[in-house]
Every structure is written in structure tokens, then in C-alpha cells.
Amino acid sequence: MLKFIINRVLLMIPILLGVSLVTFIIVRSIPGDPVRVLIGMDQRATPEQIDNIRRAYGLDQPLPVQYLRWMSHVLQGDLGSSLRTTRPLTTELGLRLPVTAELTVLAAVLGTIPALVFGVLAALRRNTRFDWLTTAFTMIGISVPNFLLATVLVLLFSFRLKWLPPVGYTPFTEDPIQNLKTMVLPAISLAMPFMAIMMRFTRSSVLEVIGQEYVRVARAKGLPQRRVLLRHILPNAGIPILTIAGIQVAALLGGTVIVEQIFGLPGVGRYIYEAIANRDYPVVQSVVLVMATIFVMVSLVVDVLYAVLDPRLRTG
Amino acid sequence: MAASDTKTLAANTEAEEREHQARSPKGRGLWSGVLRQKLAMIGLVIVGFFAIAAVVGPLVAPSGPTEQFPEYRLQGPSSEYWFGNDEFGRDIFSRLLYGARISFQVGVIAVGISALIGIMIGMLAGYFGGWLDNIATLLMDVLYSFPTILLAIAIMAMLGNSLANVMIAIGIVNAPTFMRVIRGAVLSVRRTTYVEAAISVGSPTSRVMMRHVLPNVTAPLIVHASLNFAYAVLAEASLAFLGLGNRPPSPSWGSMVSSSYGFLQLAPWAAIFPGVTIALTVLGFNLLGDGLRDALDPRLRNEHG
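Residue numbers (our numbering), protein chains in the order written: chain C, -19 to 296; chain H, 4 to 308.
This is the structure:
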């Protein structure tokens, strides 16, 4: 088991290195001089001053040197600082990551519960009207863009019913109720495709397990349906569902870019979008790396859980 | 986000495959079979309608995409302007018809780029295996580790903000799923007797790949391309919503939603009609893709026969 985990962690290293390299190359290929962005409209800056700034940020070094420098800083926990605000990124992320984390977790919870319940029920009542409605719902769920869902939700709950604010954010520590009110609509918008895909996957995984011989044996033994479901079907169907849930976290993280933009949430998704628009190199570079690392970590946790649940995989 | 993340697309594909494996020859209800065919037909109709709109839409549109009728600003649907007018008084219905062409173009070219990259790398990796496979798989895992929309935005920033670059960005971020599908298909074809026979009679590798391997991976390729089209349309809409790609006044569906979002309270139709159009188009390709899999998957064909 330990060997499996160590192997899996070692496997992460080339992926993360590749991620950092791809990020670095893309970000450095973005046209436009970051120093120009930095000094903004201040045309009085002399070439000498520009050179000084360039040197101060290490932008005068050859690219491989810049890359190695960035990596060595990152490994020491220093993500660099924003060109615009000059604040360290760890501080900036400390402010924004909780917003995105809350949004993502809320969306995952809101999406997972109905997905499991309806997915299992649909599989058990296969080829009934209920099953058909569930399938129709999942097809629509993966086809509706989340900005359309957000639009409809805002129209209904903010403008028509006036229950929830259309935009804005209140920190949880300030007013928990108001915080949830500002988070519900973004979380639902983000959760919809996640829920749809999880529901479809739950249904198909359960269907697959139901056809297995051990389930037939369990039924033949006369075990009550409930026990067959809890002891034989769900644990086995749960493994692939868990994998997909892990992978879908990346989709949720990506979705925050749009959802945070619509609802004006000060999270990481919106931050990185603004940073790209502002050509804030260090921000884009490090935040993309952080997001990808979160995803790789989640996959690692999922793989380990997978091995815990399914002993056959421990050797591989 | 709606399947605008390639991971969602891949998961959908896997769910579909599991459903197939679950379908034992006897256990497959006739009702579900007929229903699935009906859904696929609905998908085909939507896709056909969309394709026709993309080709002839601009010819039959009642007014130009940027033609303004100031006296009709934010007017609701009427007999003259079916879907109402937006904040400049432009005819939303006409703009949607013009926008269909943009979405269609992006879909065709982005899917083409993904498929090309995916086929080349996937075939090489699946056929030769070894270090080539390792490197290709690593590259794919790396690209797969980024949230898709984020990678697309970053590539857009690198290449510049234009419609052509939207196609390239979507094409690149989605290539890994194609590579995965092709690689898997090649791996299984590689082990078949006819490929072994072709190799043993001395066919050159290129001939084996083009004549024996490629034709046998077309079925999964077509299915994946159809589902991918849905993804590409959605991704283009999402990027346009964020202001990337075709910028206003160009009638890209996604940017129509975002530019009308500010007038949501006054004129909800201006955002809703384009949004629903996107959703319907994507749904059409998703339904068609699932239906195509039913029709083209050889494992299923055996069940019928």
C-alpha cells in the first residue's frame, strides 16, 4: 500500500514539471511588455528606469534562468508578487482562495447529493418513466452553458422573486447568512453540469454492477434488496464514481472563471482572468500552477482512496 | 461548466460506454432502444437545422447582423422581430442566424484541429508504444491537468484575441481527449489477427497504419467528433461570453448573452434567446453523438445480430 502511494507521488513529479513548463512557456509568449503595463500611462519613465524595473523583477535574465528562478522560489513557498499591486501572491491568494474553495465545495456538495440519489434510483428503475426523465435531465444538464443557467436563476430569484442578490459578495466571517445568500446562485450555476455528469455516471456504474454475478448470487441467497444495494452494489459502483468526481473537480475549478465573473465574486477564477487581461505575468504563472497542482493533488487523493477501496489495484 | 470542460466530455463518453457494457443481450429493453433512436433523431434534426442556418442563415435573415432600429430598442418579440430586439434595436433573430455560421465554423475547424493532433499522436503512441507512448501520454496528462477553460484563455492571451485563435485554442485544449480515444482504439486494433497478418506478409508500417488501422478507428472517431462539436460550440460561447474571440458587434451567440446581461431586467429575451439557442445546439450534438455510438459501436452490432 505504501509502495503504491510512493509510486503514485513519484508519478506526479513529471506531470507537475510539465505543467509548470507549459504554463511558463505560454505566459512568457503572451505579447506585450509587462514593464510597460507596470508603468502604465506614465510616459515620463526614462529607459534607465525601465531597465531598473526589468532588473528588479529579473526580467532581464535569459528565459531558462527565469524559469529555474521561478521554480526555486515556488518550491520555497514564494509564488512571487503581482506586478500591479506589488503585494505577495501568497497574500493575494490567501484572500481569494477561500472564496473559490467555498464556491467549489458548495457546488460539489449541491451536485453530488442529487446525482447519487437520482442516479441510483434511475438505475434500479431502469426503463421506467423516472429513468427516462433522469436521462433527459442529464442530457440537458451537460448541454446548458452555465452562464445561461446563471442568467435564468438571476432573473427568477433576484429580479422576479427578489430573494437573492444578483451580484456581490459578503465574507462568511462577517455575516454567514448573507454569505450563503450570495453563494447559492453561483454554486447552483457551477454545480449543474457537474451534477448532470455525476448522475449519468452513477446510473451507468450501478447498472453495470447490477448485471454482475455476485449481485445475482446475493439476490439468489435471498438477501433483502436494501442489503444487496448497500453491501454489494453501492461499494462496487462507488469506485468509478469517485474517480469521475475527482476529475470533475478540475471542471468545477475552470467553471469558477465564468461564474465568479457573472456574480462578481472576488475569487481566484476572476483574479486570474483579470491578471491575463492585465498581463500580470507572475500572477498568471503562479495561479495557473496552483490550480493545476490542486487538480493533480485531488487526483492523487482519489487514486489512493481507490486503492483503499479496491485491493486489486494496490499492486499496480 | 457545461461540457465546456473536456473532462466532462470524457466522463460522458465513459458513462455511455459503461451503459453499453451493462446492456446484456437479453436485458436490453426494446422500449429503451426505440427511445434512444428517437432521441438520436431529435439530435439529428437539431444539428441539421443548425447546419442549414449556418449555410443559408445570412441569406434569409430579415435584417443585417448589425442593422440598428433605434425605435425598437429592447422591444419584446413581435410579429416583425420574432425574438425581439436588443439594446441597440438590432433584430435578435437575424443575429442568431448570422451567429450560427460563426459557431459552425468554430466547431468544424476546432474539431478538425483536435482530431488531426489526436489522430497523429494517438496513432503513433498506440501503434509503436514504448518511449513514444510514454512521452505522448505524459504530454496528454499535463494538458489534462489544467482546467480547460483556463488553458484556452491562456492560449488566447498568447496568440491574440481573434476568432481564428479561438478555434486554435479550443482545438489544442481538446486534443488530449481525441488522442486518448484514438490511442485506445489503435491498441485494440493492433492486436487483431488481420493487422498481424498484414505485418507478417511484409506490408510497410505506413501502409498497415493507413490501410488497416485507421479505417478501423473511424467509428470511435466519428462518435467522438460529434460529441466534441458540442463541446467546441459551448467553449466558443463561453470564451465569447468572457469577451474573447469575436467581439461585439459581431453576432457570436456567447457575446450576445453577455452584452445583453446588463439589460436582463428590462429585456430578458435579449439574453435568453441566444442562451437557449446555444443550449439547443449543444444538446443536438450530444444526442446525435450518443445515437451514433449506438449505431457504430461494433459491440452493439453483435448484440443485434
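Think of the CB as a built atom: it goes at the ideal place given N, C-alpha and C, for glycine as much as any other residue.
C-beta neighbour in chain C for residue i, strict 8 Å
| i | result |
| --- | --- |
| H:F266 | no |
| H:P179 | no |
| H:Q235 | According to the sequence as given, residue 235 of chain H is Ala; it is not Gln. Not an interface residue. |
| H:L299 | no |
| H:G274 | Note that residue 274 of chain H corresponds to Ala in the displayed sequence, not to Gly. Cβ-Cβ to chain C under 8 Å: yes for H:A274. |
| H:L291 | no |
| H:I152 | yes |
| H:D136 | no |
| H:G278 | yes |
| H:N231 | no |
| H:N164 | no |
| H:N168 | no |
| H:P73 | no |
| H:V260 | yes |
| H:S241 | yes |
| H:A18 | yes |
| H:L295 | no |
Contact with chain H by residue i, beta-carbon distance below 8 Å
| i | result |
| --- | --- |
| C:L135 | yes |
| C:I213 | no |
| C:Q228 | yes |
| C:A171 | no |
| C:G296 | With a pLDDT of only 46 at C:G296, under 50, the local geometry of the prediction cannot be trusted, and no value is derived from it. |
| C:Q241 | yes |
| C:F275 | yes |
| C:V97 | no |
| C:S62 | no |
| C:T131 | yes |
| C:M(-19) | no |
| C:L128 | yes |
Where the alpha helix (DSSP H) containing residue i begins and where it ends
| i | result |
| --- | --- |
| C:R292 | From DSSP, C:R292 is part of no alpha helix (DSSP H); its letter is neither H nor E. |
| H:H227 | 221 to 244 |
| H:V169 | 166 to 193 |
| C:Q41 | Element bounds for C:Q41: n/a, residue is neither H nor E. |
| C:V229 | 214 to 243 |
| C:A36 | 27 to 36 |
| C:P156 | 156 to 190 |
| C:S123 | 109 to 123 |
| H:W256 | 256 to 264 |
| H:W134 | 133 to 147 |
| C:F139 | No alpha helix (DSSP H) holds C:F139; DSSP gives it neither H nor E. |
| C:G249 | 248 to 258 |
| H:L217 | Counting along the chain, H:L217 falls outside any alpha helix (DSSP H), and DSSP gives it neither H nor E. |
| H:K159 | Before going on, a small fix: residue 159 of chain H reads as Met here, not Lys. First-last of the alpha helix (DSSP H) with H:M159: 151 to 162. |
Which of helix, strand or coil DSSP assigns to residue i
| i | result |
| --- | --- |
| H:D94 | strand |
| C:P68 | strand |
| H:S81 | coil |
| H:L269 | coil |
| H:A1 | Because chain H is modelled from 4 through 308, residue 1 of chain H falls outside the range shown and cannot be assessed. |
| H:Q108 | helix |
| C:P(-6) | helix |
| H:P28 | Low confidence applies here, because H:P28 scores a pLDDT of 44, under 50, leaving its location unreliable and the question unanswered by this model. |
| H:P252 | coil |
| H:E70 | coil |
| C:I93 | helix |
| H:Q40 | helix |
| C:V278 | helix |
| H:N289 | helix |
| C:Q46 | helix |
| H:W49 | The sequence given here has Ile at residue 49 of chain H, not Trp. Here H:I49 sits in helix by DSSP. |
Under 7 Å by beta carbon: chain H residues contacting residue i
| i | result |
| --- | --- |
| C:P(-6) | L141 |
| C:W112 | L38 |
| C:M119 | L286, N289, L290 |
| C:A272 | S148, F149 |
| C:I224 | A14 |
Strand pairing of residue i, partner residues [DSSP]
| i | result |
| --- | --- |
| H:N88 | H:D94 |
| C:S61 | C:P68 |
Listed by chain order, chain H residues near residue i by CB distance under 8 Å
| i | result |
| --- | --- |
| C:V281 | Result: empty, since nearest Cβ-Cβ is about 14 Å, beyond 8 Å. |
| C:Y253 | I156, L245 |
| C:I238 | M4, I152, S241, F244, L245 |
| C:V147 | Here the premise fails: no neighbours, minimum Cβ distance about 10 Å. |
Beta-carbon neighbours of residue i, restricted to chain C and to distances below 8 Å
| i | result |
| --- | --- |
| H:D144 | I(-5), G(-2) |
Chain C contact residues for residue i, given Cβ-Cβ distances below 7 Å
| i | result |
| --- | --- |
| H:M161 | I6, S9, I10 |
| H:P271 | L135 |
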